[in-house]
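Single-structure report; data block below.
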Amino acid sequence: MTLDYIHRFVPARNQGEQLPTLLLLHGTGGNEEDLLGLGSQLLPGAALLSPRGKILENGMPRFFRRLAEGVFDVEDLQQRTEELADFILAASQEYHFDPARVIAAGFSNGANIAASMMLLRPDALYAAVLYHPMVPLIPDPLPDLTGVDIFITAGRNDPLIPVPETERLEQLLQQTGATVETHWSESGHSLSNSEFRSSKEWLERVLSAKKM
Ligand code: MLT
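So the sequence shown is numbered by numbering that gives the first Met the number 0: it starts at 0 and just counts up by one.
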C-alpha cells in the first residue's frame, strides 16, 4: 500500500488524550489545504489527514468523476472510494494512527465520497460530518452501519442539492442502522458558521458518548 494521494498530515497534539484522526475531504476545486483550519477547530489536538482529490475537472480537483452536475460516474466513484479507503489504511501505518478511529469531515464532493466510503467500506470510518452531501450511490445489499454516527448539514436554498435529495440520503443512511442527525439552515451551497458550530457540538456529544 502506498501513500498515493497528494496530502497533508498534521500529527496529533495531546498524545495522551488519544483523540480520533480527522479525515478532511475538500469540495470540487479545493485542495488538501482547504479544511485544515476547520479540522483544527472541529477537534482541537486531533491528527488531521487531508488528501487532494485525484480527478481533475477543468483543472479543479475532485474525488471522483461526474458525468454532469449531480450525475456521478458510479464505476469511477466505486474505484475511487476503494482507493481512498486503502489510502487511509496506508496512512495509518505511515503516521501511526488507529485506522479504526477515523472520522471524516467533508464538504460537497468530499462529503459525497465520505458517504460512499461508509456505504462501500463500512469499516473505514466510525463517524462522519457531511456538509452538503448527496446520495453518492446505493449499494445492494446495504452495509450494517450500526454504531456509526453521522451528522449532515443541508441548506434549504442549496441550488445543487434539493431538499428531497438530503432526505433521501438521511433515509438511506438510517436504513443501514447508522445514527443520523441533520442540521437544516437557510444557506445555499456553502458551509456557514452556524453549520460548523452545530457540527462541533455534535462531535463533542458523540465523542463523549463514545468515551473517547
Ligand atoms: C459532486 O459532484 O460531488 C456534487 O455535485 C457536489 C459538487 O459540486 O462537488
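Just so it is clear, CB atoms sit at the ideal spot from N, CA and C, and this is done for glycine as well.
What does a CB cutoff of less than 7 Å around residue i pick up in its chain, not counting 5 residues either side in sequence?
i    : result
G75  : Per the sequence shown, residue 75 should be read as Asp rather than Gly. So the qualifying residues of the chain are F63 and R64.
E93  : L2
V205 : A126 and D148
P132 : A110, N111, A114, I151 and L168
A153 : H131, I160, T165, T181 and W183
W201 : F150 and E180
Could you pull the start and end residues of the beta strand (DSSP E) that residue i belongs to?
i    : result
L129 : A126 to Y130
E31  : No beta strand (DSSP E) contains E31, which DSSP labels as neither H nor E.
R7   : H6 to V9
F150 : D148 to G154
V134 : Taken as a continuous stretch (DSSP letters only), V134 belongs to no beta strand (DSSP E), as it is neither H nor E.
Cutting at 6 Å between CB atoms, please list the residues of its own chain near residue i, excluding the five before and the five after it.
i    : result
A46  : P10, A11, T20 and F96
V128 : A104, F150 and S198
Which stretch, first to last residue, makes up the alpha helix (DSSP H) that contains residue i?
i    : result
G213 : Beyond the ends of the chain as shown, which are 0 and 211, falls residue 213; an answer cannot be given.
M117 : N108 to L119
S207 : N192 to A208
R51  : Neither: R51 is in no alpha helix (DSSP H) and is coded neither H nor E.
ask   = Counting by C-beta, which residues lie closer than 7 Å to a heavy atom of ligand 1, in chain order?
value = Counting only residues whose CB is nearer than 7 Å to a non-hydrogen atom of ligand 1, the list in chain order is G26, T27, R61, R65, E68, G69, F71, S107, N108, N111, M133 and L159.
ask   = Hey, is the segment 139-148 in contact with the segment 162-180, meaning 3+ C-beta pairs nearer than 8 Å?
value = Yes: the two stretches touch, three or more of their Cβ pairs being nearer than 8 Å.
ask   = Can we say the segment 54-62 touches the segment 23-32, given the rule of at least three CB pairs closer than 8 Å?
value = Inter-segment contact for the segment 54-62 and the segment 23-32 is present: three or more beta-carbon pairs are separated by less than 8 Å.
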